[in-house]
Each structure stands twice: as C-alpha cells, then as structure tokens.
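Structure record follows, encoded as structure tokens.
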Amino acid sequence: MLTPCSHNTLPATLLIVEDDEINREILKNIFSPYYQIEEAEDGRSGFARIMANPKRYCAVFLDLLMPNMSGIEVLRALYQHAVTGRLPVFVITAHADNATVKEAYELGVMDVISKPVVPYIVLRRVQSVVELFEARKSLSNLVVEQQQELLDRAEQIIALNQGMLEALSTAIEFRDGESGAHIRRIFVITEYLLRHTPFGKGLSDNEIWNIAIASVMHDVGKIAIPDAILNKPARLTPEEYAIMKTHTVKGAELLAKIPQLHENQAYHYAIDIARHHHERWDGNGYPDGLKGDENTIWSQVVALADVYDALTSKRCYKDAFSSEQAVQMIKNGECGVFNPEMLSCFFAVEPEISALCRNLKEES
Amino acid sequence: MYTTLREAGIDIDALLERVLHKEALIRRFMQKYVDDTNFTTLQESIAADNRDAALTASHNLKGMSGNLSITLLYELFGKQVQLFRDGDWEQACSLMHDITLHYERITTAIRKWLAE
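Those protein sequence lines, which keep their order, are chains Y and R.
All the letters of the first sequence, read from the start, carry residue numbers 3 to 366 under this note's numbering.
All the letters of the second sequence, read from the start, carry residue numbers 70 to 185 under this note's numbering.
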C-alpha cells in the first residue's frame, strides 16, 4: 500500500518546482495525502530550497520550461553538487524532445513524466522510487551500524585479550612476591624507549604496541619454577640457578602451547622476548648465549627494562637502588653488557622513564 | 452537471480522474483558464512577430488545455508549439484561425458553465 516515505520521522516532504499553478495544484492534490508538500514557482528558488537542505526532501518534481533557471539548468547544478544521486528528481514535462530527455537522465533524474499527468501512474512511479531510495538509505545506515558494532566488539576483544595477558602475567609475578606493578613498568619502559628514542626507528606504532604487550609476558615461565627457588631470600646454589634460568625456555614453550595466542599480533614478539630477555650483548646471557645483533631489538629492550626495574625495586633479596645508582650500575656493566647504542638512547630518556615508573609505584 | 463542458468537447472523465474527483478544483481551474491572458499574448506576439513570446504563450496554453482535458485545443496548441519549435512560423501562425474559433467557443461554454 502507498505510505509516506519515512516511517519513523516527520512526514516526508516533496518539493514541486513548477511555474504553472494548475500543475502545482494537480500534483499537490495527488500527493498531499502521503507527503508534506512544498512549492517553488521557478527554477532558481527551487534550486535554492534544495541546496539549503537536500536531506529535507524525499523527492523533487521539476518542470523543464520555467522562468529564472530552466529545469535543465537546475538539474545541471544539482548534478554538479552531487545531489541527484541522493535525492530522486522527477522531470515533469509537456514537451520532451529526445536530446533533453537524454540529458536529463544523464544528469541523474529518476524518471521523466509527461504532462498532463495521470494520477495513479505518477503516484505509483514516484512512490516506487522514493521507497527504493528510503530502503537504500536505511540499508546503508544498517551497514554502518553493523560495522560500528563489529569494531566495538573487536575493541572489546582486544581489551579482554590484554586484560587476560596482564592477569596471567600478574598472577605469576605474585608468586615472585611482586605486585602487578612490575609488569606495568616493563610495559611502560619498553614502549617509551621504542617510541621516544631512535632505538625504535623503523618500528610502526602498531609494532611498538604489540612489543609492549608482549613484554608483559616475559616472565611467564616462572610459573614452572618451584616456590623454594623463586622466593629464596638468599643466594641461589648453582643447581638452583640452573633451574631458575629455565624460566626463559619454559616461558616460550608455555606461550607456544596457547593456540589462541598464535593469532595474536603480539605472539611472535612474546615468544622471542620470553626466551631471550636474559641474553646479553657480549654473548654471556642465557639460554642461547646470543651475541650482539643476534638478539632482537625487542628482547634487548625488555632485558634492559627488566634489569633497570629490578635494580630500582625492592626484592626479597635486596633493597631498591635509586635511579642514579641503577644507571651507574648498568653503566659499570654490573648486570651484564648491553647494546651501547641502546644504552645511550636509554640514558638520554632515563629521567622521564624514572618519573613514569615512580608514578606507577605510587599508584600501586 | 458537466453537460455544458462535455458538449464543448472537454474530456470530463479524464479531468475528474486527474483532480481525484474534486469539483472545487475543476471550478478553480476553469476560472483560471478563462481569466488567463496567454491567448491575448499569443495573438499580440504573432502580430508583433515576437517568436519567443509566441512560443511561450502557446506552450502555456497547451499545458493548461492538457491539464483541463480540453482535448481539441490541447492538440491544436501542441501542433502549433511543434511548428514554432521547428521554425515553421508561417504554418504555426496559420493555425490561429482554427485555434481562435475553438478557443472562443470553448471559453464561452466554460463561462456559461461557471455561471450555472
């Protein structure tokens, strides 16, 4: 059945652009039961009304022969402003030569209706097109809504992933007598060093983000280390130390066993960081004794972040050092040798990193 | 009630359909038709050899006659408009004899109907 073209808003509005009063009256009489009607008596005022708010109208009737801007001139202008694709325009004409009709269609009119009009025909033709446009519009609205919904869900999933990873890592830190603050500081130091110094050159924002997420999981292998070793307040025996060192390899193995993680963009970084965050520049680290650039940038950064944070935090076997002391100890090579280029980048921003870490310590 | 108009050659059924059977509209349109000045303009424009004005006036008369289902005049003005457009000025003007004859006969009938 014929219904007004908008179902959930104000009655839709039709614009009749026509200089002949009888024609306007006839069209108004036919369409007023279904639409709000607005009239313009010449091309110029019709064009002005449309351009003032094209979305206001669900269809436009356009006479061709009119004073002050003919229908074709109006059409050309509407076409230039890309209105005819969005708003159905009907040419109503008593005289339509082929060239004019052809141009009108090329300019995007939906239909050419000849005068004098036959009410049931013009009503049906206009109604069909208006409904088509409405359906198209609500369909594209629906698509936009659905896209937004998918994006929202994706964001939720990402947030949940991150939350789960942090929860897992924090749970492991707890066994270590640590709060979750350590992993948050590793995240911050890693991200800061890569994002704000030349050492992160060549890495995209997205890659840096994924590396920072991966850094959170560097110590997951500690879940496999017995409490007696993990929390021993005294120096480890060589046997105990050998077991302690396996948290690197076990961490990488553990991560590899979580199939869902394989899809995650942080996965490859996480595996690499878990295994290699105790390697040293001179090859004296573990588990693989990687030397220099054999170790990846991200594992090198997390190794340094881990050392720096361990030095500046209280542990079961030591008190916290000041950041100045920590810097000096790293410079002295007391915690192993690091990439000199990375160190100079790190020292350049250490005051900022120290401030960020202090904030996190206060928060926790 | 439309006998006078019907006898003058107006296709009253088509007209009723076009105005969705609103007699008030027919009355208003008929009044407008007899009050309209386009016919005088057409005559004067032809006398003054003003071709653009003649075409516009004839076109307007064609439109109005069509809308009111005054079939004979719609066809005559239609023919004239086409001749004007084709540049056949002489032929277009030569239609004026017939056009005038029927225009006067029909407007007289409309006036009579309006007074009924």
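Cβ coordinates follow ideal geometry from the N, Cα and C atoms, glycine included.
DSSP places F92/Y in no alpha helix (DSSP H) but in the uninterrupted beta strand (DSSP E) bounded by V91 to T95.
Of all residues in the segment 107–129 of chain Y, only K117, P118, V119, V120, P121 and Y122 come within less than 9 angstroms of chain R when Cβ atoms are compared, listed by chain position. Boundaries around C60/Y are those of the beta strand (DSSP E), Y59 to D65, since no alpha helix (DSSP H) includes it. DSSP places A42/Y inside the beta strand (DSSP E), whose first and last residues are Q38 to A42. Taking 8 angstroms as the CB threshold, M99/R stays off the interface with chain Y.
The segment 345–362 of chain Y makes contact with the segment 189–201 of chain Y; the number of CB pairs closer than 8 angstroms reaches 3 or more. By the Cβ test, the segment 12–22 of chain Y is in contact with the segment 40–58 of chain Y, since at least three Cβ pairs between them sit closer than 8 angstroms. Listed along chain R, the residues sitting closer than 8 angstroms to E27/Y by beta-carbon distance are L94, R97 and F98. Against V150/R, the close residues of chain Y are A96 and H97, in the order they occur along the chain (beta-carbon pairs closer than 9 angstroms). The straight-line gap separating the alpha-carbon atoms of L153/Y and P228/Y is approximately 42 angstroms. Neighbours of N31/Y in chain R, taken as residues whose beta carbon is under 8 angstroms from its own, are V88, L89, K91 and L94 in chain order. If only uninterrupted alpha helix (DSSP H) runs of at least 4 residues are considered, those enclosed by the segment 179–266 of chain Y are 183–198, 207–217, 229–232, 240–247, 249–258 and 261–264.
Residue burial annotation: Y122/Y is exposed, with fewer than 16 other C-beta atoms found within 10 angstroms of its C-beta.
Separation of the CB atoms of A96/Y and K117/Y is rounded to 4 angstroms, and the pair is thereby assigned contact status at 8 angstroms. At a cut-off of 8 angstroms, the C-beta of I18/Y has no neighbouring C-beta in chain R. Under the DSSP assignment, T298/Y falls outside any beta strand (DSSP E); it carries neither an H nor an E label. Shown here, K101/R sits in a helix according to DSSP, grouped into three states. Collapsing the DSSP output to three states places V88/R in coil. Neighbours of D44/Y in chain R, taken as residues at a C-beta separation under 8 angstroms, are lacking, since the least C-beta distance is about 14 angstroms.
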